[in-house]
Amino acid sequence: MKPMKVGRLMTDDVVSALAGASFREVARLLAEHDIGGLPVVDDDDHVVGVVCGSDLLTRRSPTARGVMTAPAVTVHAEEAAPDAARLMVRRGVARLPVVDEEERLVGIVTRRDLLRVFLRPDAEIGRRIREELLADAMALPADAVDVHVLDGVVTLEGRLRRRSQTVMLLRLAERVEGVVSVVDRLSARDDDTPLPPPSPRTAHRFSE
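First residue of the sequence shown? That's 565 in this note's numbering, and the numbers climb one at a time after it.
Here is the structure:
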């Protein structure tokens with residue numbers, strides 16, 4: 565199962581401003597396009613920051629470089645949309661410039677775009693976990709684990725044979741489109757996960 569990529573959700577017709585653009589030009593772009601923020605780029609289209617409407621209200625500078633927030637929080641088009649959503653929440657931003665391998669601007673994805681990923685019916689999320697994860701990806705019976713979904717929060721409860729299976733199932737479930745979080749109520753008969761490396765021994769020096 566492959567999660568939806570950022571590239572499928574992003575807008576590639578991006579309104580951006582050069583770092584040397586005037587304060588008035590940035591304000592005009594935000595108002596003219598009715599957007600809450602825009603990426604700031606250099607002459608080679610590398611993203612150097614982001615300007616939001618609130619920046620214009622709290623900061624005063626002749627140019628975009630002086631009011632932008634930097635460095636910008638960016639994502640790549642091939643990143644999974646759920647990962648981008650978590651990054652957005654973790655960093656407290658409402659939009660993410662999308663960049664290519666050379667960090668040049670290729671699009672933008674907003675909170676509204678990513679919300680579309682999470683607007684999946686609970687029944688569909690549960691079905692995908694049972695059929696695509698348990699049955700297809702892990703070759704387990706679809707009823708090997710009790711799957712409960714409420715408002716995108718998935719609770720997995722049951723006992724599997726190996727601890728590594730529970731770890732894999734949790735990781736895969738987190739990446740299912742529409743999943744907000746996963747509650748772990750899994751157990752395993754055998755713990756086959758690698759043991760942590762032993763702590764280095766302290767060398768003692770004895771005087772003769």
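Backbone N, C-alpha and C fix where the C-beta goes; we use that ideal spot for every residue, glycine too. Note that the coordinates shown come from a computational prediction; the quantities given were computed from them, not determined experimentally.
Inter-residue spacing [alpha-carbon to alpha-carbon] between residue i and residue j
i    : j    : result
H597 : A658 : 16 Å
V709 : M702 : 12 Å
R727 : V718 : 19 Å
F587 : C616 : 12 Å
V746 : D607 : 43 Å
L697 : V590 : 47 Å
V673 : D609 : 17 Å
L593 : S625 : 16 Å
T622 : A581 : 19 Å
A706 : R694 : 5 Å
P646 : R753 : 31 Å
T575 : G656 : 20 Å
M784 : A583 : The question about residue 784 has no answer, for the chain in this structure spans 565 to 772.
Identified DSSP bridge partners for residue i
i    : result
T633 : V614
A581 : V604
V570 : Paired residue(s): none; V570 is not in a bridge.
R727 : DSSP, once it has assigned bridges, lists no residue as partnering R727.
P640 : For clarity, residue 640 is His in the given sequence; the question names Pro instead. In DSSP, H640 forms a bridge with V663.
CA nearest to the CA of residue i, picked from the options
i    : options                : result
A699 : G600, R680, L733       : L733
R654 : R675, R725, D607       : R675
R680 : G584, A649, D619, D608 : A649
T730 : D756, G656, V578       : D756
Three-state class that DSSP yields for residue i in the structure shown
i    : result
P603 : strand
D756 : coil
V743 : coil
D619 : helix
L749 : The sequence as given places Arg at residue 749; Leu does not occur at that position. The answer is strand: DSSP assigns R749 an E or B state.
Ignoring anything shorter than 3 residues, give me the beta strand (DSSP E) runs that lie fully in the segment 645-723, in order along the chain.
659-663, 669-674, 710-714
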